[in-house]
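Start counting the sequence shown at 1; every next residue gets the next number (full-length UniProt numbering). All C-beta atoms, glycine included, are put in the ideal place defined by N, C-alpha and C. Note that the coordinates shown come from a computational prediction; the quantities given were computed from them, not determined experimentally.
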Amino acid sequence: MTLKDAALSVREKAYAPYSNFKVGAAIRSASGEVFAGCNVENVAYPEGTCAEAGAIAAMVAAGEQSLAEVYVVASSPQPVPPCGGCRQKLAEFGKRDVKVTLACVDGAELETTIGDLLPGAFDASHMADV
Ligand code: THU
């Protein structure tokens, strides 16, 4: 299955009764396997989780820790940009040059990379003296 199809399909399963904004994310891990996640909201709003977080959790739970490609889709007027927290989560598991495709359900796409989404990212090298 392509990342696009996986993201579109999982987006349908999103639980977003508060925002009515459904998001789907699909990631390809280093081994080539595809993992998908959708946003899961909560009546206690801050407890909701983003689609990207769900996809990353599925990858880690399957025993993988390296991202090769990312695709995120929502019904937005512009290709949906990941929130700040998700940018940091993507940077935890993917190198700067990993391709991230942001998309609208109507087909518009914007290609970027993890590095461009989070320039100057805080990473483990900044804790070298700890
Ligand atoms: N959301 C995601 O799942 N991923 C993003 O990249 C942007 C925002 C979700 C969180 C919340 O459930 C809804 O979209 C509105 O913010």
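Exposure label - residue i; buried when at least 16 CB within 10 Å
| i | result |
| --- | --- |
| GLU111 | exposed |
| GLU12 | exposed |
| PRO82 | buried |
| LYS95 | exposed |
| TYR18 | exposed |
| ASN20 | exposed |
| VAL10 | buried |
| GLY63 | exposed |
Proximity winner among the options, relative to residue i (alpha-carbon distances)
| i | options | result |
| --- | --- | --- |
| ALA74 | ALA7, LYS89, GLY48 and GLY63 | ALA7 |
| THR49 | SER29, CYS86, VAL100 and LEU102 | CYS86 |
| ALA44 | ARG28, ALA16, ALA58 and GLU52 | ALA16 |
Alpha helix (DSSP H) segment containing residue i, residue limits
| i | result |
| --- | --- |
| LYS22 | Taken as a continuous stretch (DSSP letters only), LYS22 belongs to no alpha helix (DSSP H), as it is neither H nor E. |
| ALA6 | 3 to 11 |
| LEU117 | 114 to 117 |
Nearest-angstrom beta carbon gap, residue j and residue i [assumed within contact, 8 Å]
| i | j | result |
| --- | --- | --- |
| ALA68 | GLY37 | Going by Cβ atoms, the distance from ALA68 to GLY37 rounds to 16 Å, so no, they are not a contact pair. |
| LEU3 | VAL34 | 6 Å |
Run of the beta strand (DSSP E) containing residue i, from where it starts to where it stops
| i | result |
| --- | --- |
| CYS50 | It is not in any beta strand (DSSP E) - CYS50 carries neither H nor E in the DSSP assignment. |
| GLY37 | 34 to 38 |
| ALA103 | 99 to 104 |
- Message: Could you tell me which whole beta strand (DSSP E) segments of length 3 or greater appear in the segment 59 to 96?
- Response: 67 to 74
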